[in-house]
Amino acid sequence: MDKKVVYINSIFIAVLSGIATLSGLFWKGLYKHETISMAAQAMGQDLITLIIGIPVLMGSLYLIQKNSLKGSLIWMGTLFYFLYSYASMSFLASYNQLFLVYVALFSLSLYTFIYGLLSLNVKTIKESISPGKTSKIAGAFLIFSGAMVALMWVKMIVDSLLTGIAPAALESYTTLVIQALDIGVVFPAMLIAGILIIKGKEWGYALVSILLIKASLMGTALLSMIFFMAQNGVSPAIGQVVIFAIITITGILISVIFYSKIKMPLYKNG
488 MDKKVVYINS IFIAVLSGIA TLSGLFWKGL YKHETISMAA QAMGQDLITL
538 IIGIPVLMGS LYLIQKNSLK GSLIWMGTLF YFLYSYASMS FLASYNQLFL
588 VYVALFSLSL YTFIYGLLSL NVKTIKESIS PGKTSKIAGA FLIFSGAMVA
638 LMWVKMIVDS LLTGIAPAAL ESYTTLVIQA LDIGVVFPAM LIAGILIIKG
688 KEWGYALVSI LLIKASLMGT ALLSMIFFMA QNGVSPAIGQ VVIFAIITIT
738 GILISVIFYS KIKMPLYKNG
């Protein structure tokens, strides 16, 4: 892995996302074309990206400088969070003055993430993680949590198809971008990663390491979105709130335990 590419791209992502999040939180009228719910969710995610996402991204660069395996995997997981977040903003949010910033962040995150994946030494990653039940628990958690979210969205959509009434989550938008990403991208990734690590495959250890970080960050952002929604008079479905809260807290705990099992301090890609 060329560290110059990692540093330059990551710094650009940090700067652009800093602009996007600060604008979202303090630029009155930026989200004026959004529904109350969507604007609240966008601001909730802006807050978490600003105070947690960007610091974790930059902190991982410090660890990468020291050739830390944990740093490289945290960096990849955080990149996936930015990729998911700004794919959502690019395709879902109503057009505003920051559209090109969202697209730039989506593109930078996407191709930097792909570069990181191609640079992974999956054999080294597997060898660095202490054997035990933790890996299988982490894999099972990703499969279960991904399936729970996917099934929740599928039920919502099927109910809509059966009744002929548009799902409430659609609001005034034209399609379900988040649901499409979760059902079509995130759940399959979690399923594949979980199966591979349970079978002891090298790629399973790499993918689970990345997805745990992404899930923890996204889950925290979801809880922030729910808080902002409540503050703006929007009452989310209590069942969804409970599911997201349990998944997020459990995911963070499993991530901490899983990463504590990574014993090899130094790491070389290739």
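Quick note: to get the numbering used here, add 487 to the position in the sequence shown (first position is 1).
Ideal placement from N, C-alpha and C gives every residue a C-beta, glycine not left out.
Note that the coordinates shown come from a computational prediction; the quantities given were computed from them, not determined experimentally.
Query, Result
"Residue range of the unbroken alpha helix (DSSP H) whose run includes P675", "674–685"
"Simplified DSSP assignment, three categories, for I749", "strand"
"7 angstroms CB neighbourhood of S596 in its chain, flanking five on each side removed", "I500, L566, F569, L570, Y573"
"Neighbourhood of L699 by C-beta, 7 angstroms cutoff - its chain only, sequence neighbours within 5 removed", "G564, A625, G738, I741, S742, F745"
"8 angstroms contact criterion, which L550 and G558 should meet: CB distance rounded", "2 angstroms"
"A656 versus I495: straight-line alpha-carbon distance, rounded", "37 angstroms"
"Environment of L587 [buried if 16+ CB atoms lie within 10 Å]", "exposed"
"For I652, the three-state DSSP class (helix, strand or coil)", "coil"
"Cβ separation of L585 and L517, assumed to be a contact under 8 angstroms, to the nearest whole Å", "7 angstroms"
"Uninterrupted beta strand (DSSP E) stretches inside the region 582–608 (no shorter than 3 residues)", "none"
"Extent of the continuous alpha helix (DSSP H) run through V522", "Reading off the sequence, residue 522 comes out as Thr, not Val. From DSSP, T522 is part of no alpha helix (DSSP H); its letter is neither H nor E."
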